[in-house]
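Below: the structure, in structure tokens.
Residue numbers (my numbering), protein chains in the order written: chain A, 1 to 431; chain B, 1 to 301.
What follows is the structure, given as structure tokens:
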């Protein structure tokens, strides 16, 4: 029998087969040094190659810059290089012997809230950059609010440019206190603070020699060691059926498998399950993979499940434990981040995607809009446009199998699609 | 307490299988672009796993530049036979013969960019609504901004500044008539991940990736394999060398590296200690700082 680690292990170069994956997002404004920080992480972890280094060295020389501009590593599109800004979410990769990292590098300007939400949606951890000279500003609050709304499990506040504040503990403590004061209203479970200089490298990968008063870990130490094993929901078993596997070969003549990715909880062969929406019950006969039977399936594994009984199941159905079921609803509230150029239409109809289930819905009512700079609910202003966040009541054409977003990010999230343009116009978190 | 965590390779594998199943579910007529390189071999392997014990429910398509390594074609045909997949070959030579594209001339002539026309022609001819490929975001900076599900207009073009946001793992494959999608199931893999996974899963790859003796010559600091259709400059000399390839593409623009790596373990050690990106060996990317972005906008992979 195979374990979730897969086939028998034959070779282990530097523990590579035992590494975890951490996805994190970085948020900061143009001048907070975000690109420099990412460049520093890549550079100090030796993830930058010679040809990349040569290319940015040449550009830095051409522009007459004093240091090699590490920020150039992350500016991908021509328009971005020309304007010196980041337009779109960019994904970066690096690894240390402990972990592989995926960075969703998101632009920080106000008009790009939709990109921050996009980057945050898959992150285990958010780095929020604060310029030590300016302290907690409106934008810091906006980033923290989005981290809270998207339920990123871990937040690291990096107080950057400490070199420009004489590496003063007082400057760091002020940011620490100000951030804690306003974030008390938010729902962030794990927040840490690190004083750094991305430009000079203090406390990024290597410990600073300029800040003896700081006894905590470096940023890299946190990234390598933060506990992410509990970031997924291992309690409430949810298996959205993605695709029905029917080989119709001699060997597997009557095989009927339900392929999907576990969205919550743990499944084992023999478990009693219900299938939604039909409500029929059965037992799991086997959990299959090409490498052999799977002993236990948990998020985010992709497996194929077979059942003891012949039940009509198709994509969009959900297999759950008999004694622990999601809510089945056609009307519910979501916090929505609007991403369309055309404003949200109250009474408008949109296509909706939730796990593997498609539906249509009508947006019945805007309850309030958030002022994400002040965290105030605006009950009088219900015009929801690009980059706005609002609480909305929706009604769907068919019952949806939902959990609150706080309980499960997989079964608590949905997207809205404009049926005229097919564009994704809304990101919804079920309240 | 029992621990429920996956290694990073298994998490990447699960993500890619999920993407492949979404494609099979959301599109009517998808196709997997197969180049014979390690990345498309890994995607093919992941597709087998995603639909096992059924066969891969979509065809593989090879855009044949006519300047391929023989080994690639042989490997392709054996693999397709073994896994029982359906193969379609679209030919650059046919597009040249029919006058749809004009062959580049001169010593640096490459058919790499010419793949765009037969690719788009084949997509139209077979009415494919989704073409999957083995591109990875770590390969090149324009690719760092690519989505898993990348929407193309009815001219097959990519508009990098107006991409659909991609949230959680919910992919929006809705489109109008005539439009199609490019989907990249291994977007989040690095070169190292691909090699480690090939080792972990014991996946067969063409022997071009391992060390061998070959006639090569040096051009602009790169080693190119010699073939009789290649034009040499006067100063260039063909020599027998011990080399291997880090990427396998069109023969005219794929650089070889001097290497004695004869096993996957050797290759992994080499990748771990190397200081040049794998596309650093591709002359097609060296044409300008935005070379890849420009080709992608026109419909290149």
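By construction, the Cβ of each residue, glycine as well, lies at the ideal position given by its N, Cα and C atoms.
Residue i (DSSP reduced to helix, strand or coil)
| i | result |
| --- | --- |
| residue 194(B) | helix |
| residue 335(A) | strand |
| residue 178(A) | helix |
| residue 78(B) | helix |
| residue 213(B) | strand |
| residue 23(B) | helix |
| residue 123(A) | coil |
| residue 64(A) | coil |
| residue 146(A) | helix |
| residue 39(A) | helix |
| residue 200(A) | coil |
| residue 297(A) | strand |
| residue 102(A) | strand |
| residue 71(B) | helix |
| residue 58(A) | helix |
| residue 288(B) | Since pLDDT at residue 288(B) reaches only 49, below the 50 mark, its modelled position is unreliable, and the value read off the structure follows with that caveat. In the structure shown, residue 288(B) sits in coil (DSSP, three-state: anything other than H, G, I, E or B). |
Proximal chain B residues relative to residue i, where beta-carbon distance stays under 8 angstroms
| i | result |
| --- | --- |
| residue 239(A) | Simply none; closest approach about 13 angstroms. |
| residue 298(A) | 4 |
| residue 234(A) | 4 |
| residue 247(A) | 53, 54 and 55 |
| residue 229(A) | 3, 4 and 5 |
Assigned exposure category for residue i - 16 Cβ within 10 Å defines buried
| i | result |
| --- | --- |
| residue 1(B) | Unreliable positioning characterises residue 1(B) in this predicted model, as indicated by a pLDDT of 47, which lies under 50. The coordinate reading is nonetheless provided below. Its Cβ having fewer than 16 others within 10 Å, residue 1(B) is exposed. |
| residue 322(A) | exposed |
| residue 137(B) | buried |
| residue 324(A) | exposed |
| residue 143(A) | buried |
| residue 331(A) | exposed |
| residue 184(B) | buried |
| residue 49(B) | buried |
| residue 139(B) | buried |
| residue 240(A) | buried |
| residue 418(A) | buried |
| residue 238(A) | buried |
| residue 293(A) | exposed |
| residue 213(A) | exposed |
| residue 394(A) | buried |
| residue 25(A) | buried |
| residue 131(A) | buried |
Candidates the options, of which the one nearest residue i by Cα
| i | options | result |
| --- | --- | --- |
| residue 206(A) | 240(A), 287(A), 45(A) and 104(A) | 45(A) |
| residue 355(A) | 372(A), 389(A), 413(A) and 281(A) | 413(A) |
| residue 209(A) | 134(A), 162(A) and 155(A) | 162(A) |
| residue 189(A) | 214(A), 301(A) and 124(A) | 124(A) |
| residue 351(A) | 256(A), 361(A), 56(A) and 128(A) | 361(A) |
| residue 23(A) | 60(A), 221(A), 126(A) and 38(A) | 126(A) |
| residue 97(B) | 86(B), 81(B) and 66(B) | 66(B) |
| residue 220(B) | 84(B), 153(B) and 236(B) | 236(B) |
| residue 166(B) | 130(A), 383(A) and 339(A) | 339(A) |
| residue 146(B) | 42(B), 38(B) and 135(B) | 135(B) |
| residue 261(A) | 11(B), 7(B) and 3(B) | 11(B) |
| residue 116(A) | 89(A), 407(A) and 133(A) | 89(A) |
| residue 26(B) | 14(B), 259(B), 37(B) and 128(B) | 128(B) |
| residue 54(B) | 21(B), 154(B) and 247(B) | 21(B) |
| residue 387(A) | 365(A), 234(A) and 427(A) | 427(A) |
| residue 206(B) | 3(B), 74(B) and 64(B) | 74(B) |
| residue 202(B) | 190(B), 210(B), 5(B) and 264(B) | 264(B) |
Residues that residue i contacts on chain B, provided the C-beta gap is smaller than 9 angstroms
| i | result |
| --- | --- |
| residue 37(A) | Going along chain B, no residue has its Cβ under 9 angstroms from residue 37(A), so there is no contact; the nearest lies around 16 angstroms. |
| residue 20(A) | 5, 6, 7, 8 and 11 |
| residue 315(A) | 25 |
Chain-ordered chain A contacts of residue i [CB-CB under 8 angstroms]
| i | result |
| --- | --- |
| residue 29(B) | Under the 8 angstroms cutoff, chain A gives no residues; its nearest Cβ is about 16 angstroms from residue 29(B). |
| residue 59(B) | Going along chain A, no residue has its Cβ under 8 angstroms from residue 59(B), so there is no contact; the nearest lies around 17 angstroms. |
7 angstroms Cβ cut-off: residues of chain A touching residue i
| i | result |
| --- | --- |
| residue 163(B) | 88 |
| residue 190(B) | 93 |
Beta-carbon neighbours of residue i, restricted to chain B and to distances below 7 angstroms
| i | result |
| --- | --- |
| residue 254(A) | Residues of chain B passing the Cβ test: none, with the nearest at roughly 12 angstroms. |
| residue 243(A) | 21, 24 and 25 |
| residue 200(A) | Neighbours of residue 200(A) on chain B: none; closest Cβ ~24 angstroms, over 7 angstroms. |
| residue 122(A) | 168 |
| residue 422(A) | 174, 175 and 176 |
| residue 415(A) | 167, 170 and 172 |
Alpha helix (DSSP H) runs contained entirely in the stretch 206 to 262 of chain A, provided each spans 4 or more residues: 219 to 225
3-residue-minimum beta strand (DSSP E) runs that sit fully inside the stretch 388 to 431 of chain A, ordered along the chain: 389 to 402, 413 to 417 and 424 to 430
Any alpha helix (DSSP H) of 4 or more consecutive residues that is wholly inside the stretch 310 to 369 of chain A: none
Ordered list of beta strand (DSSP E) runs contained in the stretch 233 to 278 of chain B, each at least 3 residues: 239 to 245 and 255 to 258
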